[in-house]
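Protein chains in written order, with full-length UniProt numbering: chain U, 1 to 358; chain H, 1 to 358; chain A, 1 to 358; chain R, 1 to 358. The next block holds one structure in the form of structure tokens; read it before the comments.
4 protein chains.
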Amino acid sequence: MRNTFGNIFTITTFGESHGKGLGVIIDGCPAGIKIDEDFIRVELQRRKPGQSKITTQRKEEDNFEILSGVFEGQSTGTPIAMVIYNTDQKSKDYSHIAEKFRPSHADYTYHEKFGVRDYRGGGRSSARETAARVAAGAVAKLFLAHYGVEINAYVSQAGAVRLEKPYQELDFSLTESNIVRCPDQETADKMIQVIDQTRKEKDTIGGVVSCVAKGVPVGLGEPVFDRLHAVLGHAMLSINAVKGFEFGSGFEGVTMKGSEHNDAFYKEGDRVRTRTNHSGGIQGGISNGEDIYFKVAFKPVATIMQDQESVDTKGEAATVSGKGRHDPCVVPRAVPIVEAMCALVLADYLLLNRSSKV
Amino acid sequence: MRNTFGNIFTITTFGESHGKGLGVIIDGCPAGIKIDEDFIRVELQRRKPGQSKITTQRKEEDNFEILSGVFEGQSTGTPIAMVIYNTDQKSKDYSHIAEKFRPSHADYTYHEKFGVRDYRGGGRSSARETAARVAAGAVAKLFLAHYGVEINAYVSQAGAVRLEKPYQELDFSLTESNIVRCPDQETADKMIQVIDQTRKEKDTIGGVVSCVAKGVPVGLGEPVFDRLHAVLGHAMLSINAVKGFEFGSGFEGVTMKGSEHNDAFYKEGDRVRTRTNHSGGIQGGISNGEDIYFKVAFKPVATIMQDQESVDTKGEAATVSGKGRHDPCVVPRAVPIVEAMCALVLADYLLLNRSSKV
Amino acid sequence: MRNTFGNIFTITTFGESHGKGLGVIIDGCPAGIKIDEDFIRVELQRRKPGQSKITTQRKEEDNFEILSGVFEGQSTGTPIAMVIYNTDQKSKDYSHIAEKFRPSHADYTYHEKFGVRDYRGGGRSSARETAARVAAGAVAKLFLAHYGVEINAYVSQAGAVRLEKPYQELDFSLTESNIVRCPDQETADKMIQVIDQTRKEKDTIGGVVSCVAKGVPVGLGEPVFDRLHAVLGHAMLSINAVKGFEFGSGFEGVTMKGSEHNDAFYKEGDRVRTRTNHSGGIQGGISNGEDIYFKVAFKPVATIMQDQESVDTKGEAATVSGKGRHDPCVVPRAVPIVEAMCALVLADYLLLNRSSKV
Amino acid sequence: MRNTFGNIFTITTFGESHGKGLGVIIDGCPAGIKIDEDFIRVELQRRKPGQSKITTQRKEEDNFEILSGVFEGQSTGTPIAMVIYNTDQKSKDYSHIAEKFRPSHADYTYHEKFGVRDYRGGGRSSARETAARVAAGAVAKLFLAHYGVEINAYVSQAGAVRLEKPYQELDFSLTESNIVRCPDQETADKMIQVIDQTRKEKDTIGGVVSCVAKGVPVGLGEPVFDRLHAVLGHAMLSINAVKGFEFGSGFEGVTMKGSEHNDAFYKEGDRVRTRTNHSGGIQGGISNGEDIYFKVAFKPVATIMQDQESVDTKGEAATVSGKGRHDPCVVPRAVPIVEAMCALVLADYLLLNRSSKV
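See the structure below:
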């Protein structure tokens with residue numbers, strides 16, 4: 001079940017970058033959800049290439065079609081299959097990668113693991129696969145809306161430019177107001193500048209996406225292996241180019257004392273709350289009703305417009321040259337992917353939690 | 001399957017901190033492995049409480065018994081059940097936690113999720129559960145030894161004291177030579193000092209465990225969701241008190257340029273190697289034959305010997321007082337747990353990889 | 001994972017009878033298998049409606065398209081998605097079933113379970129879903145051919161007409177030589193007659209499909225719950241209209257004595273063989289190298305061309321009238337479905353068995 | 001996950017016939033169920049050897065211990081581990097089976113599959129493993145009692161002696177009133193006679209267990225592969241010595257016409273009912289609220305007190321002689337096993353069904 005994620009609300013994705021199409025089957029989506037195709041379309045547009053000067057200039061339309069599982073606008077409880085056809089499969093010249101391993105790509109490892117490899121545009125290892133996740137995540141968001149759960153991701157670092165404000169001071173309605181998807185305009189400007197500069201240098205740079213989920217009910221997450229943050233981490237680390245995940249106080253929490261780090265409980269009206277939230281909304285692996293927040297680190301994109309040392313499939317030394325149109329920094333387009341994976345995990349654990357008590 | 005981890009080489013753990021016993025079933029361990037009980041015992045001793053002045057002074061013997069799956073010293077391919085009986089179940093006074101929620105513990109979330117809660121020593125949420133993982137991980141190590149895979153974890157940070165040397169400069173045979181499990185004696189001394197000082201202040205502190213796996217064959221890891229590092233991250237984040245995971249260049253890779261970060265390929269004898277290893281031994285989610293390395297961040301232990309603000313199960317304000325004997329810093333005892341979870345993931349993916357080709 | 005079957009070689013199907021399309025994702029098919037599209041097409045044609053006078057006269061073309069997972073004619077180890085588009089989705093008049101529950105169909109139970117229901121042609125509960133299984137089963141057969149495994153199913157009973165010959169006396173090359181798919185022409189003629197007669201009476205009748213797998217290696221099947229025959233039974237019982245499954249001596253074995261029923265071992269050349277095969281090729285849940293054989297019972301098709309008592313979605317008494325074109329007996333078209341499910345199980349367990357020993 | 005069964009309410013069993021112990025972990029049992037240990041004990045006693053003259057005279061006490069998951073008499077939502085220690089592990093003389101393959105046992109197939117084999121008493125392939133299932137099934141029954149579900153199995157055939165009455169005419173309170181567990185005393189007497197006679201002939205005989213589940217809510221079962229009857233079939237076929245499974249009209253339904261077989265719907269008060277129940281309470285794979293009923297065929301026990309032709313582990317001809325104390329007919333002790341597996345399936349699907357609607 002290697003291309004499947006989830007326990008009850010599950011997704012199985014398929015497809016290669018330059019094959020006939022890619023897509024996803026959502027199995028386990030409860031019946032009775034209004035499937036708003038426009039909303040799915042908007043989510044896909046947030047991810048698609050060619051949106052701005054700081055993303056790849058490649059054009060892909062990412063039109064999707066729902067093949068099953070929706071009847072008269074509602075989910076029926078049966079598998080929802082969505083396909084995104086690759087309109088541009090024209091036989092490009094792939095000779096520069098067919099027989100050479102691009103550094104820090106999946107070329108070499110796929111070649112060794114499977115013996116054969118669809119080298120066109122990276123095949124299955126292409127980040128194009130995440131379009132299917134975004135489509136599925138949109139459905140998960142529609143399900144979560146029934147419970148008042150809201151998910152907001154944003155770019156909190158691009159290269160060395162870091163947004164220093166804590167998430168509580170941000171206005172998430174501004175995230176989509178600039179091309180880098182940072183809800184603080186001043187920082188956004190700096191990020192855009194550094195990305196644009198890097199692009200001009202024919203190089204790439206990394207970044208960090210932060211994510212906040214509000215309105216998550218108490219009780220999601222399972223002891224022991226499927227702690228909510230462990231599954232969120234799994235989900236985030238499965239996104240292309242991700243190198244790290246932390247939630248709540250994260251790596252910085254390491255240097256804190258227990259007496260500072262512990263989140264004191266108090267009562268606010270009927271609700272048990274915590275005065276601080278170093279726990280990131282998750283205690284003992286289970287949501288405690290506070291905001292869930294986490295960060296995801298993305299490495300610099302491996303495709304650069306420069307010559308690089310490598311070897312070919314015969315094991316001879318080779319030079320890989322940069323070609324095509326690629327993102328100088330992946331994080332602006334990663335924002336909807338992080339949200340989608342977060343939504344899928346929360347939808348799944350919300351359903352799992354229905355079995356906690358007799 | 002919430003208490004199960006793995007696809008083929010799977011573990012299912014059970015047991016509460018102060019119940020009759022805890023343990024694990026390993027299902028899917030191949031037949032024909034020599035099960036060295038002494039080795040399992042040694043691994044458990046590395047994790048057990050009461051080892052030194054910087055761990056909890058609580059004594060637990062962690063004697064285990066193998067109930068099944070081993071015949072004449074060999075694994076038979078059937079489930080290996082191992083039980084660690086709790087010798088000290090005496091009915092202590094738990095009134096201080098039975099009806100109060102300890103801050104940053106799992107008390108509140110378990111209470112809300114399940115309605116009932118075994119509050120004795122944290123019940124199922126106790127880190128005592130990891131003893132079962134260490135026992136199972138020892139078996140996974142015995143399996144991996146057939147393939148020449150070696151796993152070494154060590155403490156690389158305690159509070160603000162950080163080991164600055166890269167792992168390549170360390171002699172892992174020194175890890176067990178000091179009580180903090182840092183293979184650099186000078187840094188170890190500073191770590192021990194800060195932990196001991198924190199203990200005297202009735203406080204706790206966090207830390208980082210680093211881990212290196214050598215000899216991992218090329219090809220382990222599955223596209224798309226079960227990238228090797230995503231599953232390693234899941235495994236590590238499922239360990240009590242973990243707040244973050246990064247592999248290879250991790251969060252620091254964010255600020256690098258693609259041209260610096262990419263790992264150039266070259267040929268060394270028959271083997272395709274990379275000149276640098278920012279990939280942490282994993283490319284496109286699949287091992288590339290280089291060393292796999294990653295870091296795991298642990299928060300300060302939540303149990304402190306101080307009074308803390310909280311609420312009780314009736315929702316009234318309450319004060320939780322520190323009691324009992326607890327670790328001032330969890331990382332020295334976490335080293336074998338990190339190794340165990342790493343071994344379990346590698347064993348599982350080594351078996352999964354047997355199905356990659358016809 | 002309700003629409004998924006298998007552990008390693010898995011299939012996930014989707015689609016409704018009259019939606020845009022239906023299909024399957026095969027995940028876990030090893031890389032390096034030559035994917036013969038013509039063979040898949042032939043298998044689908046064996047299942048498709050409208051083949052003969054004793055099947056439904058409905059015409060469906062069942063043209064499939066492979067969207068992913070195959071490159072230059074070979075499986076790549078990534079998910080193989082196949083879609084069969086429904087060419088005939090025209091909005092027929094479904095008023096006769098939209099608000100009435102057809103007796104012994106899934107109308108009522110889907111309605112109650114999900115609240116909504118795609119009533120067009122039975123929606124997800126339609127046997128049209130099995131086309132996706134046949135396509136996937138064809139790929140499993142191509143994989144099994146590497147191991148010399150051959151699967152032959154045939155009709156052994158239609159209504160009261162029963163093929164009395166044991167399978168050892170049959171020539172499976174004759175199965176496709178008549179429209180009922182019984183490899184004994186004399187019995188086939190009687191079967192055709194009884195089915196045709198039943199059709200003329202606007203009624204339907206049941207039947208039995210027998211299946212024999214030759215060349216299955218020793219060792220397939222897992223203790224305890226996933227005994228090979230238990231999984232074969234699960235697979236067969238998941239086919240529409242199936243009411244029973246038996247393997248080897250089956251229900252008749254009940255009246256035998258142990259001394260008659262036991263299969264004595266002997267040596268034939270290098271191979272351990274059994275003198276009889278009441279075990280049906282499976283002992284202790286694991287294949288023993290002898291022929292695997294089993295029988296699958298199908299009920300009479302529920303759609304009949306007669307008026308029937310029922311209730312409507314409002315709970316009022318209603319009459320359901322027969323309409324459309326349906327099979328008088330399902331077994332001739334069920335033969336390739338039984339083979340497909342058998343192939344999928346054997347492919348999966350062959351891969352699982354690669355992990356039995358160190 | 002070969003020794004695990006279920007999706008949400010799951011069991012994982014372990015243990016060999018003559019190892020230290022065997023047992024089960026129930027993972028996913030909801031919190032808040034009163035765990036009645038006396039009830040579990042009674043269920044185990046119905047299965048245990050040595051109950052009567054028509055079962056094996058071997059004595060095994062089957063005392064169980066709950067190690068985890070229960071606190072103050074209630075399930076806590078964490079794994080419930082139960083162990084049954086083997087009190088009689090004394091090193092008997094196993095030379096008669098250590099190096100010979102008993103006909104129609106699992107000796108040969110385990111030997112080939114795993115290379116090693118715990119031959120003592122059949123090891124993992126022994127029916128003793130089912131004690132763990134009965135213990136787990138008792139917990140499932142306690143859960144189902146919250147929903148008014150009641151499960152009754154009984155012996156409906158022993159050798160050629162068959163109970164002809166339909167289940168509707170039986171008084172299940174009589175099942176435990178005789179040693180063969182047939183609720184019709186006259187038939188029971190004949191069954192006892194035939195079993196006793198067979199035992200005297202040092203032979204064995206097969207039988208059939210029928211099972212009826214009443215009070216099952218509408219909606220249990222999942223399209224497509226996990227139809228309720230497919231999973232029940234899987235569960236039953238995973239019991240030692242089972243050769244066949246049928247539900248509702250079963251194999252006899254084959255000869256019926258659709259017009260006879262279809263179950264007409266009508267309204268009874270508020271409830272939609274069916275006039276007949278050839279569907280066996282399951283339509284389209286989903287429970288319809290009528291009684292679920294099915295039959296399970298058991299072969300004659302393979303251990304007979306006679307000499308048999310075989311081969312040894314070196315492939316030489318050998319004679320296997322009957323030894324020890326074994327059941328002449330397995331069905332009286334199989335009744336609680338069938339009930340247990342039925343309860344486990346229903347508990348699991350009841351929980352799964354909580355996710356059907358938004």
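Beta carbons: idealized from backbone N, C-alpha and C, even for Gly. The structure presented is a predicted model; accordingly, all values stated were derived computationally and were not measured.
The Cβ-Cβ distance between R/V180 and R/I195 falls below 8 Å. Interface criterion not met: the Cβ of R/F9 is under 8 Å from no Cβ in chain H. Between A/S17 and R/G221, the alpha-carbon positions lie close to 20 Å from each other. Rounded to the nearest whole angstrom, the C-alpha separation of A/T130 and R/I292 is 25 Å. Taken through DSSP and simplified to helix, strand or coil, U/T12 comes out as strand.
Flagged as an interface residue toward chain U: A/F71, by a C-beta distance shorter than 8 Å.
Judged by DSSP secondary structure, A/I179 falls outside any alpha helix (DSSP H); it is assigned neither H nor E.
Within chain R, the residues whose beta carbon sits less than 8 Å from that of U/A31 are S356, K357 and V358, listed in sequence order.
Taking a C-beta cut-off of 9 Å against chain R, the contacting residues of the stretch 110 to 124 of chain H are Y110, K113, F114, G115, V116, R117, D118, Y119, R120, G123 and R124, listed in chain order.
An exposed status is given to R/Q197, since fewer than 16 other beta-carbon atoms sit within 10 Å of its beta-carbon.
In this structure H/V42 is exposed. Its beta-carbon is surrounded by fewer than 16 other beta-carbon atoms within 10 angstroms. Restricted to the stretch 99 to 142 of chain A, the alpha helix (DSSP H) segments that are unbroken, complete and at least 4 residues in length are 107 to 114, listed in chain order. Between the C-alpha atoms of R/Y94 and R/K100 there is a straight-line separation of about 10 Å. For the pair A/P300 and R/F265, the CB atoms are not nearer than the 8 Å cut-off. For R/S259, the three-state secondary structure derived from DSSP is helix.
Look at R/Y147 here: in three-state DSSP terms it is coil, with no helix or strand label. Residue pairing by DSSP puts R/Y154 in a beta bridge opposite R/S210. From the beta-carbon of H/I25, the residues of chain R found nearer than 7 Å are T12, F14 and I25. One alpha carbon belongs to R/S75, the other to R/E37, and they sit about 12 Å apart.
At a cut-off of 8 Å between beta carbons, H/L237 contacts chain U. When U/V224, U/G6, U/V83 and U/S238 are compared, the shortest CA-CA separation from H/V242 is found for U/V224.
Within its own chain, the residues whose Cβ lies closer than 8 Å to the Cβ of A/A235, once the five positions on either side in sequence are excluded, are F5, M341, C342, L344 and V345, listed in chain order. Contacts with chain R (Cβ-Cβ distance below 9 Å) from the stretch 56 to 83 of chain H involve E65, I66, L67, S68, G69, V70, F71, E72, Q74, S75, T76, G77, T78, P79, I80, A81 and V83, listed in chain order. Apart from the 5 residues on each side of it in sequence, H/I8 sits with its Cβ closer than 7 Å to the Cβ of G28, D348, L351 and L352 in its chain, given in chain order.
Beta bridge pairing from DSSP links R/I26 with R/I11 and R/I80. The beta carbon of H/K100 does not come within 8 Å of any beta carbon belonging to chain R, so the residue lies off that interface. For the pair R/V134 and R/L44, the CB atoms are nearer than the 8 Å cut-off. The CB of R/Q306 comes closer than 8 Å to the CB of S259 in chain A, given here in chain order. Cβ-Cβ separation between U/A81 and A/G23: approximately 7 Å, consistent with a contact (criterion under 8 Å).
Looking at the backbone, the Cα of H/P332 and that of R/I25 are separated by about 31 Å. Counting C-beta atoms within 10 angstroms of its own C-beta, U/E246 has 16 or more neighbours from the protein chains shown and is therefore classed as buried.
In this structure, A/P328 and A/I205 form a Cβ contact; the two beta carbons are roughly 7 Å apart against a cut-off of 8 Å. Sequence-distant partners of A/K165 (beyond 5 residues in either direction) whose C-beta falls short of 7 Å from its own C-beta, in its chain, are D184. Annotated as proximal: A/V218 and R/T109, with beta-carbon spacing under 8 Å. Between the alpha carbons of H/S310 and H/R120 lies a gap of roughly 18 Å. About 6 Å separates the beta carbon of U/V254 from that of H/G207, a gap short enough to meet the 8 Å contact definition.
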